[in-house]
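If you read the sequence shown in our numbering, its first letter stands for residue 134, the second for the next number, and so on. Just so it is clear, CB atoms sit at the ideal spot from N, CA and C, and this is done for glycine as well.
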Amino acid sequence: MKLENILLLFIFLLPFTIISQDISITGNVKDSENNPIYFANAVLLSSKDSTAIKGTSTNDNGFFELKNTKQGNYLIKISFIGYTDFSKPITVSTEDIHLGDLILNENTEALDEVNIIANKPTIKKEADKLVFGVENTALSEGTLLQVVKSTPGVLVLDGHIMVKGSSPSVYINNRKVQLSTEELLQLLESSPANAIKSVEVITNPSASYDAESGVVINIIMSKNLVTGYRGSVSGNYTQGVFPRYNFGMINYFKTDKINLFANYSYTSEKINRDNDDGVYYFDTNNQIDEVWKSSTNRNTWTKSHSLNFNLDFLLNENNTLSVSSNMLWTPYFKYKLDNNTNIFNANNEFQSRFEADNLTNDDKYNLGFDLDYLHQFSKSSLAFNSHFTIYDYNRFQESSSIYYDQNNIFIAPTAFNTDANQKTQIFTVQLDYKLPINDTSNFDAGSKYSSIQSDSDITRYDYDFNTNEEVLNLANSSAFEYNENVFALYSNYDKTFGKWSLNAGLRMEQTDIKGTSITYNQTNKQSYLDWFPTASIKYQAEGVSSFYTTYKRSIVRPNYKDLNPFTFFLNDNTLVVGNPNLKPTYKDHFVIGSAVTSFLTLEAYYINEKDFIIELPLQDNVTNQLVYAPVNIDKSIEYGFDIISYFNISDTWFMYAVTSFYNAQEEKNTVNGFIEADKWSNYSVLSNDFSFLEDRSLSVNLTFIYQSEVLQGFRDVGARLESELSVSKTILKEKAVISLSAADLFNLGDFETTTEYLNQQSYNHTDLDNRFVKLGFRYKFGNTILKTNERQKAVKERERIKERD
């Protein structure tokens, strides 16, 4: 199936309805806490024989409308999984009927020794976020990463989670995940999704979030219900290019005073990656001098342990003390790179070649600890959090190259090894005060202080083949100390008046940075005070339509690795360097949108980023080296238009569809000239959820994600199509679940990257290990109706911990 045909099918399936007239029955469905219930069923029954006349589902505001109703006597029935049905007789005459608020109460009798199977995901679109409900669907039997990848608007590309072109902050139960990007993906891939209730994509976070939280993905775990013990064991086997394994155990214990959650998982995997690269080196007249064509095979072996626990002490009805930890230990990480490069002249005539091998071994751990205290006043609340992270990373690298002449005769070898270490400590304290002013307005304020200290060093030894000895390379050995302190204050206010709602906030952050290169006796200092406003306005029209606009200013600080001035050699000709002079990126994000119907939302957005940080491949045409370096670019603008739709095709088939057309622009002045790039792209998702059998115990999810050619750091990244099929079946009296999934069904998930500007020209075709089949099994024991207090407590600062790639 061609990409164009799939995209046409996707657009064809977007629903546009014609609104009819005549007598309508409307109402608002809410729970006992006055929260709207979306996707509740509203069915009109005949009062004579209870025959179903017509039905619909509530929208994201809990609103429903039954149109074109004939005169007569009926029974309106409202139902939603886990709640007691609501029924009421009504008489339809000549005027529309509005039933007002209809309250559904939780059905405690239905909570027996098994979980209720709902099977359909739900979507709720608000002005500042989208809520994707996945509890008890086929997706919930996969991994956290599978759920995140299936969330509307979220794209996972080549080891990076992206929302509208930027990297989001990931939270679990409103706490920032305390891991680097690489470790975050590792955690999401190894963690089961069966405890997830929903995923929130918050495009306009309030001022209470860190200023670096431009976009937030917040994973909500299921709430607590009753006391007792609950546990589960799970495992999965994945066959890609190589086999992968994962085993996990979850234990949860709850009493009236104590909640204890503990989760352990072990992952063993080997990941393959192949690249075909080409670099065109130019002479002094800017004409092609040499062409280097490379084939590279990369293999990564990982064995990791993750353990996290949450312990809540309910001291009394007004005070709660919590201790939590998230620990990731990777005692075995091996990275092996085999490269073969052929060198040709401008006439494509073979000149020489070389083989380069790189082997690295890592040992690292990332330990985070939190202490929380919450005091509930009669109306307001005060929360205190302290956090501590210790991160230790060690890498030993061995690199060797063998060179051959035009006749493929051996010339000479080179070899070197490096020993790199990094230790990072993060300490934060935070105080938050929340005050509900009245039924229509709320106020919250708070402060935060964070301190980061990161020390790293690298030592390189070159091998002398004449003496068979290692020689210290002082030019490429160094040590770096980094200290950062950030103090923040914020306030936030939200108000609802009539059909209008307003949310406005302001955050202030004072940042002080000091980076010292010990070897070169160089110090770089930065100190800046910044203000970060956020605002959201929404108008709820009659019926289901609404209009909204949002604005958010945020900051992206450089990763500690990017600020480190080290030069890290992958081989003699491919380097990764740091930049201690990097400036932070400032981002302004505007959105205007409308919920046109209960299942169709339209949005337009504009993003302007000043001093945007990207990693550019910079080719040195004199030394024939390719250097990857982080730089600030002068201008980065993105604007686009989104269509978001979700609807039930039948009782057993739910579909959501997203398509986004957007334009990206980038500009930078360099010593070699001015660079600019401009490209329109499309991102589309088509996801289908099916439930089968009489008890709905067989669930199926089929998802397609299409990304057209996109601009990333002056490089064109080719189109790709991600696809995944997931099937799950409850067995053993619903105590166990067996699941099967397959990814990259059409083998269209790979991509090509091209660079062409000024005196830079190269290409890279990437073949990822993203085509696999996964078999999983989970067994529940204990009181299976218990919902855990699982959460990941974290801080934004930890995300900036990264290693050399």
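What do you get for Trp633, buried or exposed, if any count of 16 or more other CB atoms within 10 angstroms of its CB means buried? exposed
Tell me Asn201's beta-bridge partners as DSSP assigns them. BP columns for Asn201 are empty, so no partner.
State the start and end residues of the unbroken beta strand (DSSP E) segment that holds Leu635. Trp633 to Ser650
In the DSSP output, which residue or residues are listed as bridge partners for Tyr623? Gly579 and Arg640
Secondary structure at Ala608, three-state DSSP: helix, strand or coil? helix
To the nearest angstrom, how far is it from the Cα of Ser872 to the Cα of Val724? 39 Å
Let's test the definition: count the other Cβ atoms within 10 Å of the Cβ of Pro546 and tell me whether it reaches 16, buried, or not, exposed. exposed
Is it true that the CB of Thr202 sits closer than 9 Å to the CB of Ile156? yes
Other residues of its chain near Leu235: CB distance less than 6 Å, five sequence neighbours each side excluded: Gly160, Val162, Ile211 and Phe219
Could you tell me the alpha carbon to alpha carbon distance between Tyr772 and Tyr896, rounded to whole angstroms? 27 Å
Opposite Phe375 in the DSSP bridges: which residues? Looking at the DSSP assignment, Phe375 forms no beta bridge with any residue, so it has no partner.
Quick check: what's the CA-CA separation for Val456 versus Tyr839? 42 Å
In or out: Val604 buried (at least 16 other Cβ within 10 Å) or exposed? exposed
Residues that DSSP places opposite Val724 in a beta bridge: Thr683 and Tyr738
Can you tell me where the alpha helix (DSSP H) with Leu696 in it begins and where it stops? Tyr693 to Leu696
Just the Cα atoms here: how many angstroms apart are Ser439 and Asp495? 16 Å
For Leu237, which of Asp784, Ile740, Asn167 and Ser533 has the nearest alpha-carbon? Asn167
So, at 8 Å on beta carbons, what are the nonlocal neighbours of Gln539 in its own chain, with the 5 sequence-adjacent residues on each side left out? Phe483, Gln484 and Ser485
I need the straight-line Cα distance from Asp590 to Ile777, nearest angstrom please. 48 Å
Decide if the region 694-713 is in contact with the region 635-645; the criterion is three or more beta carbon pairs, one per stretch, under 8 Å apart. no
Between the Cα of Leu507 and the Cα atoms of Lys567, Lys497, Asn384 and Lys469, which residue gives the shortest distance? Lys567
Helix, strand or coil at Val764 [DSSP, three-state]: strand
Helix, strand or coil for Leu504 per DSSP? strand
If you compare alpha carbons, which of Thr888, Asn903 and Leu908 is closest to Lys862? Leu908
Verify the contact flag: Asn432, CB atom, against every heavy atom of the ligand NAD, threshold strictly below 8 Å. Ligands are entirely absent from the displayed structure, and the ligand NAD is therefore not among its contents.
For Gly233, the first and last residue of its enclosing beta strand (DSSP E): Ile230 to Leu237
If you draw a straight line from the alpha carbon of Arg431 to that of Glu675, how long is it in whole angstroms? 58 Å
Is Asn357 helix, strand or coil by DSSP? Residue confidence for Asn357 is low, a pLDDT of 41 falling below 50, so the modelled location carries little weight and cannot support an answer.
Please state if the CB of Leu470 and the CB of Thr429 are separated by a distance shorter than 9 Å. yes
Please state the DSSP three-state secondary structure of Lys866. coil
Just the C-alpha distance for Leu77 and Thr734, rounded to the nearest angstrom, thanks. Here the chain comprises residues numbered 134 to 938, so residue 77 is not present and cannot be evaluated.
What is the DSSP secondary structure of Leu715, reduced to helix, strand or coil? coil
Quick check on DSSP: helix, strand or coil for Ser678? coil
Do Leu232 and Leu278 have their beta-carbon atoms positioned less than 9 Å apart in this structure? no
Check whether the Cβ atoms of Phe774 and Glu799 lie closer than 9 Å to each other. no
Between the CA atoms of Phe477 and Val424 - distance to the nearest angstrom: 5 Å
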